[in-house]
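>
Residue numbers (the numbering used here), protein chains in the order written: chain A, 186 to 347; chain C, 0 to 285.
1) Would you call the CB atoms of residue 235 (chain C) and residue 124 (chain C) closer than 7 Å?
2) Would you mind reading off the limits of the alpha helix (DSSP H) that contains residue 151 (chain C)?
3) Give the range of the beta strand (DSSP E) segment to which residue 208 (chain C) is assigned.
4) According to DSSP, what are the bridge partners of residue 198 (chain A)?
5) Residues bridged to residue 135 (chain C) by DSSP?
6) Could you name the residues of chain C that residue 226 (chain A) contacts, counting a contact when the two beta carbons are closer than 9 Å?
7) From the beta carbon of residue 259 (chain A), is the nearest beta carbon of chain C less than 7 Å away?
8) Is it a yes or a no for the region 33 to 48 of chain C touching the region 6 to 25 of chain C, going by three-plus beta-carbon pairs under 8 Å?
9) Mind reading off the beta-carbon distance from residue 282 (chain C) to residue 86 (chain C)? Whole number of angstroms is fine, and I expect it under 8 Å.
10) Alpha helix (DSSP H) containing residue 11 (chain C): first to last residue?
11) Scan the region 2 to 19 of chain C for residues whose Cβ lies nearer than 8 Å to a Cβ of chain A and list them as they occur along the chain.
12) For residue 194 (chain A), does the count of other Cβ atoms within 10 angstroms reach 16, so buried, or fall short, so exposed?
13) Could you check if residue 253 (chain A) is buried or exposed, using at least 16 other CB atoms within 10 Å of its CB as the buried criterion?
14) Please classify residue 55 (chain C): does DSSP put it in a helix, a strand, or coil?
15) Can you list, in chain order, the residues of the region 228 to 248 of chain A whose Cβ is nearer than 7 Å to any Cβ on chain C?
16) DSSP three-state label for residue 269 (chain C), please.
17) Going by beta-carbon coordinates alone, are residue 108 (chain C) and residue 31 (chain C) separated by less than 7 Å?
18) For residue 278 (chain A), which option in A:314, A:258, A:321 has the closest C-alpha, if you only look at C-alpha atoms?
19) Is there a C-beta anywhere in chain C that falls below 7 Å from the one on residue 301 (chain A)?
20) In chain C, which residues lie with their C-beta within 7 Å of the C-beta of residue 287 (chain A)?
21) Alpha carbon to alpha carbon, how far is residue 163 (chain C) from residue 347 (chain A)? Give it in angstroms, no decimals.
22) Pick out whichever of C:215, C:120, C:80 has its Cα sitting closest to the Cα of residue 92 (chain C).
23) Chain A partners of residue 159 (chain C), CB-CB under 7 Å?
24) DSSP on residue 347 (chain A), reduced to helix/strand/coil?
25) Under the three-state reduction of DSSP, which class applies to residue 31 (chain C): helix, strand or coil?
26) Closer than 7 Å by C-beta to residue 65 (chain C): which residues in its own chain qualify, once you throw out the five before and the five after it? Chain order, please.
27) How about residue 292 (chain A) and residue 312 (chain A): are their beta carbons less than 7 Å apart?
28) What residue range is occupied by the uninterrupted alpha helix (DSSP H) comprising residue 291 (chain A)?
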């Protein structure tokens, strides 16, 4: 079966098994930033943005991604040009083994997209589906708040330049 | 899982979805959020109708009597919307916010909670407590039925071949009504062990309508009718509420698994019902 979908802004036509899960299709297409954790929608390591909503790709059938817009962590940034959230995760020490980070970053991105001025409670609520087994939950709340602050400054300075 | 699946349909309208569903050639089922797909035991399904792109199934609106929620609306939207208020809106939002996690709430839909009903489904009890109605569509023709009908018969038995759940209509209650939602689970993400939705609609200090709908502790969503009867027509004193909670605990068949014994669940359940009724009563007075 053919799957036509947009991943990180680029069109893809992938040959898939009809009962394939989205996570497997994405990883086979080279997006290894999408991590397999629990495989049942509990841990959030596999989170990707589907049409702007963060969802678990491990329990989503790939066939349901026909014609949608997918964002994986690779679409956020890279080591040379990290996204403001990725930089904040590094700066605040929110990354240790790093396995949960791709999913957490996607969930955090979704939060900042809809709410540029989140409170700590908002962050907790938005990341409630992303388990972290090593660094814990405090530092990443700081990270998201830092990133929100940093994006605000960038927005102000670009506005100043205009 | 889905070993015989060969194709997906991606309809854009309800009528198109119904046509796809009743194609008559392939054994077909509906998929919306798809979170229960991994639990589907049926390996004979050959095609899936993905209704997640049907825009006319995703909305939250209201008229003079009802809140109207499209069956394909993600429960995250119910949780976050400022459009739902009052006793009905607050109960819906309280329950929606307690479903799984943000990632799951973005997938799980208002109608999916009825179409694929599990013991841990949180919304059916809310629909029952609020006497919701369900709008089903078979192409253009539609029929509206009480939510209890779908719960009693199961959506898979109730809906005809090319019919889908299109909307949940929830009566808006005004002053004199209080609602409360309560849930017990090991963690926020774990399957619920006890789910309770209550509504007390009072008139001149007496209970006019009482609803106690429960799930998770039972094999499926049920109302504790005897306990409701105990309250109706009476002044809801602390003693009466305690008696109703006891009656509710005695009236249900309790499910168990490795998470907790029947004895434990029963004891906690009675306390939770009592507190939920007390909360609903307090809110009804405001």
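Glycine included, C-beta positions come from ideal geometry on N, C-alpha and C. Note that the coordinates shown come from a computational prediction; the quantities given were computed from them, not determined experimentally.
Reading off the structure:
1) No.
2) For residue 151 (chain C), the enclosing alpha helix (DSSP H) stretches over residues 146 to 152.
3) 205 to 214
4) When DSSP reads this structure, residue 198 (chain A) sits in a beta bridge with A:189.
5) C:142, C:164
6) 34, 37, 99, 100, 102, 103, 106, 188
7) no
8) yes
9) Yes, they are in contact, since the Cβ atoms of residue 282 (chain C) and residue 86 (chain C) sit about 7 Å apart, within 8 Å.
10) Unbroken run through residue 11 (chain C): none, as it is neither H nor E.
11) 2, 4, 5, 6, 7, 9
12) Result: exposed.
13) buried
14) helix
15) Listed by position along the chain: 229, 232, 238, 239, 240, 241, 244, 245, 246, 248.
16) helix
17) Against a cut-off of 7 Å, the Cβ pair of residue 31 (chain C) and residue 108 (chain C) comes out as a contact.
18) A:321
19) no
20) Here the premise fails: no neighbours, minimum Cβ distance about 13 Å.
21) In this prediction, residue 347 (chain A) scores a pLDDT of 48, lower than 50, which makes its location untrustworthy; no coordinate-derived value is stated.
22) Ranking the options by Cα distance to residue 92 (chain C), first place goes to C:80.
23) By Cβ distance, chain A contributes nothing, its closest Cβ being about 24 Å from residue 159 (chain C), past 7 Å.
24) For residue 347 (chain A), the pLDDT reaches just 48, beneath the cut-off of 50, and the residue's location in the model is therefore unreliable, leaving the point undetermined.
25) coil
26) 168, 169, 170, 171
27) Residue 292 (chain A) places its beta carbon less than 7 Å from that of residue 312 (chain A).
28) 286 to 299
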